[in-house]
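Novice: Going by my numbering, the first residue of the sequence shown is number 22, and it counts up by one from there. Quick reminder that beta carbons are idealized off the backbone N, C-alpha and C, glycines included. One structure is given below, represented as structure tokens, and several questions about it will come after.
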Amino acid sequence: MTATPSAGCAHAVTERGEPERADYRGAFAHAPLPLAVVDGEGLVVDANQAFAALVGAPPDELAGRVAADLVDLASDARTWHTYREVLRGRQADLRCTRRLKHPDGHSLWARITVSPMPGSADRGGGGTVLLAAADISARRELQARLRHVQMHDPVTRLPNRNLFFERLAAALEAGAYDDSSTGRVGLCYLDLDGFKAVNDTLGHRIGDRLLAAVAERLTRCADLAGHGRTAPPLVARLGGDEFALLVEESTGTEELAGLAEATLEALREPFDLSGQRLSVSASIGVVERRASGTTATGLMQAADTTLYWAKTDGKDRWTLFDPERNAHRMTRQTLSSSLRPAVDRGEFVLDYQPLVGFDDEDVRGVEALVRWQHPQFGLLTPNRFISLAEEDGSIVQLGCWVLRTACRQARRWQLAHPEREPVFVSVNVAVRQVWDSDLVADVAGILAETGLPPRLLQLELTESAVMGSTGRPLQALKALSEMGVRIAIDDFGTGYSNLAYLSRLPVSALKLDGSFVRGFQYEEGETQGNPADAVIVEAMVQLAHRLGLTVTAECVETAAQATRLRRIGCDTGQGWLYSRPVAADRISVLLGEVNPGPESPKEPGVRPSAGRTRPR
Numbered sequence: 022m023t024a025t026p027s028a029g030c031a032h033a034v035t036e037r038g039e040p041e042r043a044d045y046r047g048a049f050a051h052a053p054l055p056l057a058v059v060d061g062e063g064l065v066v067d068a069n070q071a072f073a074a075l076v077g078a079p080p081d082e083l084a085g086r087v088a089a090d091l092v093d094l095a096s097d098a099r100t101w102h103t104y105r106e107v108l109r110g111r112q113a114d115l116r117c118t119r120r121l122k123h124p125d126g127h128s129l130w131a132r133i134t135v136s137p138m139p140g141s142a143d144r145g146g147g148g149t150v151l152l153a154a155a156d157i158s159a160r161r162e163l164q165a166r167l168r169h170v171q172m173h174d175p176v177t178r179l180p181n182r183n184l185f186f187e188r189l190a191a192a193l194e195a196g197a198y199d200d201s202s203t204g205r206v207g208l209c210y211l212d213l214d215g216f217k218a219v220n221d222t223l224g225h226r227i228g229d230r231l232l233a234a235v236a237e238r239l240t241r242c243a244d245l246a247g248h249g250r251t252a253p254p255l256v257a258r259l260g261g262d263e264f265a266l267l268v269e270e271s272t273g274t275e276e277l278a279g280l281a282e283a284t285l286e287a288l289r290e291p292f293d294l295s296g297q298r299l300s301v302s303a304s305i306g307v308v309e310r311r312a313s314g315t316t317a318t319g320l321m322q323a324a325d326t327t328l329y330w331a332k333t334d335g336k337d338r339w340t341l342f343d344p345e346r347n348a349h350r351m352t353r354q355t356l357s358s359s360l361r362p363a364v365d366r367g368e369f370v371l372d373y374q375p376l377v378g379f380d381d382e383d384v385r386g387v388e389a390l391v392r393w394q395h396p397q398f399g400l401l402t403p404n405r406f407i408s409l410a411e412e413d414g415s416i417v418q419l420g421c422w423v424l425r426t427a428c429r430q431a432r433r434w435q436l437a438h439p440e441r442e443p444v445f446v447s448v449n450v451a452v453r454q455v456w457d458s459d460l461v462a463d464v465a466g467i468l469a470e471t472g473l474p475p476r477l478l479q480l481e482l483t484e485s486a487v488m489g490s491t492g493r494p495l496q497a498l499k500a501l502s503e504m505g506v507r508i509a510i511d512d513f514g515t516g517y518s519n520l521a522y523l524s525r526l527p528v529s530a531l532k533l534d535g536s537f538v539r540g541f542q543y544e545e546g547e548t549q550g551n552p553a554d555a556v557i558v559e560a561m562v563q564l565a566h567r568l569g570l571t572v573t574a575e576c577v578e579t580a581a582q583a584t585r586l587r588r589i590g591c592d593t594g595q596g597w598l599y600s601r602p603v604a605a606d607r608i609s610v611l612l613g614e615v616n617p618g619p620e621s622p623k624e625p626g627v628r629p630s631a632g633r634t635r636p637r
């Protein structure tokens, strides 16, 4: 027989349960954590003293109030939806942070948690929930102070790089998607001119005070520029002596130009730092563009490039970003990065331009001129890449290839024309080739490899490089001259012009710069042209001849020039009157190596009459 509980047992359970429920209610009422019981309709069933203090209402008045209104759960759609799902029993809980307004006027931050109470499900599928609201105002205040320290520069108290990029990203996003804004963003990227000298001479303490004073002036400029706007431009210190002024919702380049000009003017006024009077200037790169399609990285790269332009253009100025100028810079960067591999890939070719004797119009030699057959940019002349090669050192590798190729070709011409005086080949040499490589050993090895006699090789160096030669460069020139190689000074008349130094250099030829030759384009006696040009050139030719040097006139384009240059004693001429730079096979035709056929003399680039040995 199954035993049934006695009335006494039931009474015992009841007696034990009532005190426990009373304990739980007491614990709930006096718990330090603000708590409220909310029914499935979202109404407060009960709330403790802490919750009442949090929302600023007596506990007995909270019953029946809408809980969502008390803790601001309906202020955004996502939170409101999640809260309703918890009330219906379709979601486990809700966690969010809310800023609450207390009836006495102060604000506080609360961490809200809403979760179902076990065993409280209604017939409709929902049930009562427990709402907890923890006051986290002190923690939020500490976090705000820590964030301020993290996001601001300690020297100038300006926003630092982290906060700047955060604001920049927000401005770009707002400009791209907010139809109410201008959809544009502007940036003045500023760098102080000569700030390092202040640190080095006066110390970092004075340098920091100067930075703080600069920050104050930049802030004033931004405040003045902010009149009529919702907010002034953001002024930030990005590091060192670099600052940025970010203009959100800019109206165009005129606004940014005005801000940049006002900033420069403000900084030109001397700074008085406790009796220490300092003057500084700044260079500013200005970028203004549509926010849509612009990235923070792209905007900063453009600003950095433009700041560099302002520095190189003379400092104490602002420069506006120029897409065309930037495209040229990017092209230079592309060329520079692909120079070394291009030599290995065989992308370079040589053209040759004849050097013709004025007395008999015979071809005495040819100058080798390198071209780059670039796969992307097409055929490039030396002025597009030689300076880049000198900067990164690839001129040594390229110069060696040019020298070997030119010597090999000159040897072919010599063997193909044993009946005539062989032509020499003239090759340009950069100063860095002398310093960064063993030029003497390279030349000796190439001459031995190709079989070209040293007298048929001429090396051209610029006047500025040769005239200042001492030490290793001078020793190399002397060794090459003793080897039998000709040494020529290219573009003579544009450099140091220390004529007395010529007698101590192992030079065998001068090449007059084309700027002198252009004055000879008119017949003698005509009023056009500068008479001094003829006097200067004649004096240089006479001096060269007295020193045993030959003289080549560059850029000879007319018969009148050739006639006058011949009269004053120039030995050879080079220019379009005789031939443009052409491929090696065209020079071979000119020298008579190949029968060109009846139409070949009409081809552009080679003047058939230039040379005693004419094409047949």
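Find out if the Cβ-Cβ distance for the pair residue 53, residue 74 is shorter than 8 Å.
Specialist: no
Novice: Hey, quick one: how far does the beta strand (DSSP E) through residue 389 stretch, first residue to last?
Specialist: 384 to 395
Novice: Using the C-alpha atoms, what's the distance from residue 503 back to residue 364?
Specialist: In a straight line, the C-alpha of residue 364 is about 31 Å away from that of residue 503.
Novice: Would you give the residue range spanned by the alpha helix (DSSP H) that residue 330 belongs to?
Specialist: 317 to 333
Novice: According to the neighbour-count rule (16 or more other Cβ atoms, all chains shown, within 10 Å of its Cβ), is residue 531 buried or exposed?
Specialist: buried
Novice: Mapping the DSSP letters down to three states, classify residue 449 as helix, strand or coil.
Specialist: strand
Novice: Rounded to whole angstroms, what is the Cα-Cα separation between residue 162 and residue 241?
Specialist: 29 Å
Novice: Please report the distance separating the alpha-carbon of residue 99 from that of residue 116.
Specialist: 12 Å
Novice: Report buried or exposed for residue 181, applying the criterion of at least 16 other Cβ atoms within 10 angstroms of its Cβ.
Specialist: buried
Novice: Between the Cα of residue 331 and those of 173, 211, 171, 126, spot the shortest distance and give me the residue it belongs to.
Specialist: 211
Novice: Taking only runs that begin and end inside the segment 127 to 200, name each unbroken alpha helix (DSSP H) of 4 or more residues, in chain order.
Specialist: Taken in chain order, the unbroken stretches of alpha helix (DSSP H) that lie wholly in the segment 127 to 200 and span 4 residues or more are 158 to 172, 182 to 198.
Novice: Check each candidate in 437, 509, 227, 422 and name the one with the smallest Cα separation from residue 466.
Specialist: The option with the nearest alpha carbon to residue 466 is 422.
Novice: Would you say residue 523 and residue 508 are within 8 Å of each other, going by their C-beta atoms?
Specialist: no
Novice: Could you give the DSSP three-state label for residue 94: helix, strand or coil?
Specialist: Residue state, collapsed to three classes: coil.
Novice: Please classify residue 513: is it buried, with 16 or more other beta-carbons within 10 angstroms of its beta-carbon, or exposed?
Specialist: Counting Cβ neighbours within 10 Å, residue 513 comes out buried, since at least 16 surround it.
Novice: For residue 353, collect the residues of the same chain with a Cβ closer than 8 Å to its Cβ; drop the 5 residues on either side in sequence, then sort them by chain order.
Specialist: The answer, listed in chain order, is 409.
Novice: I need the straight-line Cα distance from residue 79 to residue 69, nearest angstrom please.
Specialist: 10 Å
Novice: Could you please give me the residues that DSSP links to residue 724 through a beta bridge?
Specialist: There is simply no residue 724 to check, as the chain begins at 22 and stops at 637 in what is shown.
Novice: Pull up the CB-CB distance for residue 274 and residue 341, whole angstroms please, since I reckon it's below 8 Å.
Specialist: By a beta-carbon distance limit of 8 Å, residue 274 contacts residue 341. Their separation comes to about 6 Å.
Novice: When you compare the CB positions of residue 464 and residue 387, do they come within less than 8 Å of one another, or not?
Specialist: no
Novice: Which of the three DSSP states, helix, strand or coil, is assigned to residue 599?
Specialist: Assignment of residue 599 by DSSP, reduced to helix, strand and coil, places it in the coil class.
Novice: Quick one: what's residue 375 bridged to in DSSP?
Specialist: 387
Novice: Going by other Cβ atoms of all chains shown within 10 Å of its Cβ, with 16 needed for buried, is residue 592 buried or exposed?
Specialist: buried
Novice: Is it a yes or a no for the segment 582 to 596 touching the segment 368 to 378, going by three-plus beta-carbon pairs under 8 Å?
Specialist: yes
Novice: By Cβ distance below 7 Å, which residues in the same chain neighbour residue 87 in space, the five residues on each side in sequence not counted?
Specialist: Annotation for residue 87: 63, 64 place their beta carbon closer than 7 Å to its own, counting only its chain and skipping 5 residues before and after.
Novice: If you check the beta carbons only, do residue 564 and residue 574 fall under 8 Å apart?
Specialist: no
Novice: Can you list, in chain order, the residues of its chain whose CB lies under 6 Å from that of residue 234, leaving out five sequence neighbours each side?
Specialist: 292
Novice: Let's test the definition: count the other Cβ atoms within 10 Å of the Cβ of residue 600 and tell me whether it reaches 16, buried, or not, exposed.
Specialist: buried
Novice: Spatial neighbours of residue 150 within its chain, please: C-beta separation below 7 Å, excluding the five flanking residues on both sides.
Specialist: Within its own chain, the residues whose Cβ lies closer than 7 Å to the Cβ of residue 150, once the five positions on either side in sequence are excluded, are 59, 107, 108, 135, 136, 137, 138, listed in chain order.
Novice: May I ask you to list the residues that DSSP assigns as paired with residue 71?
Specialist: DSSP, once it has assigned bridges, lists no residue as partnering residue 71.
Novice: Just to check my reading of the structure: residue 431 and residue 473 have Cβ atoms closer than 8 Å, yes? What is that Cβ distance to the nearest angstrom?
Specialist: 5 Å
Novice: Look up residue 510 in the DSSP assignment and say whether it is helix, strand or coil.
Specialist: Strand at residue 510.
Novice: Using 8 Å as the threshold, is the C-beta distance between residue 501 and residue 480 below it?
Specialist: Here residue 501 is near residue 480, since their CB atoms are less than 8 Å apart.
Novice: If you draw a straight line from the C-alpha of residue 45 to the C-alpha of residue 51, how long is it?
Specialist: 10 Å
Novice: So, with DSSP's three-state summary, where would you put residue 574?
Specialist: Note: residue 574 maps to strand in three-state DSSP.
Novice: Cα separation between residue 202 and residue 452?
Specialist: 57 Å
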